[in-house]
Ligand code: HEM
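In our numbering, the protein residues as written are 573 to 935.
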């Protein structure tokens with residue numbers, strides 16, 4: 573393939589891998605499996621595209637046999653290219669190893685965590701590399717028949733590798749076969765509070781909330797604002813649901829508490845209310861559409877045991893089909909709005925810096 577076609581395709585495959593990777597963070601329902609499929613295919617395409625790229629630049633990296641000419645890898649632009657290639661291999665290696673059941677924890681972070689970190693660095697490096705080196709595509713880079721066949725061949729290879737891997741895993745019960753469609757691995761299902769780790773999206777670590785003074789406020793677009801104490805949230809409802817953490821584990825538990833529909837029926841949302849915003853004592857918040865929120869649960873217990881502080885006591889959201897970061901912990905308010913808060917992405921990434929989020933002040 574022509575150099576420009578390879579380079580632009582490489583950039584496109586990195587963008588596709590990164591985009592679908594980010595998208596996968598908000599995919600938790602079984603029917604969204606195809607986002608993970610696209611992700612794996614984009615990664616496989618990237619892997620295949622690296623072959624013509626490395627073949628083309630081989631004499632820039634290695635000394636030519638029979639000549640004394642040194643490799644020219646010392647110029648900084650070539651170094652950026654080498655760095656991007658190494659990072660791409662690290663991203664692909666950690667991703668494929670994770671999906672195939674490999675276990676490796678380095679400095680407390682598993683292969684999936686490293687995969688995500690490497691991918692951010694890769695995107696930065698590739699963007700910079702493209703800025704300083706990329707040349708625009710010409711008609712001739714796209715229109716040649718041989719070129720198109722090669723390009724389509726590599727793309728088809730990438731698309732086929734993912735289902736082939738899935739088939740092999742299923743057929744031979746290979747490690748990785750038992751992972752969920754999100755790539756997560758099971759930990760401590762139905763084992764209760766102590767069976768799965770305490771995790772936060774970034775680093776919220778509030779002091780334990782005092783159940784005696786704690787209150788839940790339901791406000792916003794409602795006819796009847798409601799305030800509830802802990803002892804008013806009787807254990808009326810049970811929901812079996814799977815908490816699927818973007819950090820790479822999942823756990824199914826019997827959650828007990830109160831279905832949100834009961835509370836909303838009491839608060840009576842106005843006709844304008846469309847979204848429920850779930851707010852934590854730390855300032856962390858996320859919204860769900862009203863119809864979905866009605867079917868979710870506010871949990872005070874896992875099985876027969878009251879929630880541990882690390883799992884969000886006294887009250888956390890249990891939102892089946894949503895990834896773990898949506899299951900807001902240490903809940904203090906439900907607010908009804910016309911739309912979700914556009915700043916919620918900022919809120920979930922900065923709540924650990926608030927005095928309550930840092931654990932300096934009691935919530
Ligand atoms: C340049 C960017 C990226 C590339 C090229 C890439 C590529 C890959 C590849 C090749 C796999 C293995 C798929 C398989 O063997 O089935 C994988 C797995 C995975 N990646 Fe990425 N990735 C990138 C970025 C990301 C990002 C940003 C995230 C999330 C924030 C992410 C999340 C995941 C997850 C959850 C898996 C496991 C999926 C499974 O086991 O089926 N990736 N990735």
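For each residue, glycine too, the CB sits at the ideal point set by N, CA and C.
query                                                                                               : result
At least 3 beta-carbon pairs within less than 8 Å: the segment 810 to 822 vs the segment 732 to 749 : no
Environment of residue 856 [buried if 16+ CB atoms lie within 10 Å]                                 : buried
CB contact flag (residue 908, residue 788, <9 Å)                                                    : no
Span of the alpha helix (DSSP H) around residue 649                                                 : 648 to 671
Strand pairing of residue 792, partner residues [DSSP]                                              : 908
Three-state secondary structure assigned by DSSP to residue 738                                     : helix
Nearest-angstrom Cβ-Cβ length linking residue 842 and residue 793, presumed shorter than 8 Å        : 5 Å
Euclidean distance between Cα positions of residue 923 and residue 616                              : 36 Å
Segment limits, alpha helix (DSSP H) that includes residue 927                                      : 927 to 930
Proximity of residue 888 and residue 871 at Cβ, strictly below 9 Å                                  : yes
Buried or exposed (CB count within 10 angstroms, at least 16 for buried), residue 790               : buried
Residue burial classification, residue 823 (beta-carbon count within 10 angstroms, cutoff 16)       : buried
Burial state of residue 915 (16 or more Cβ within 10 Å)                                             : exposed
Coil, strand or helix - residue 934 by DSSP                                                         : coil
Residue 583 beta carbon near ligand 1 (any heavy atom closer than 8 Å)                              : no
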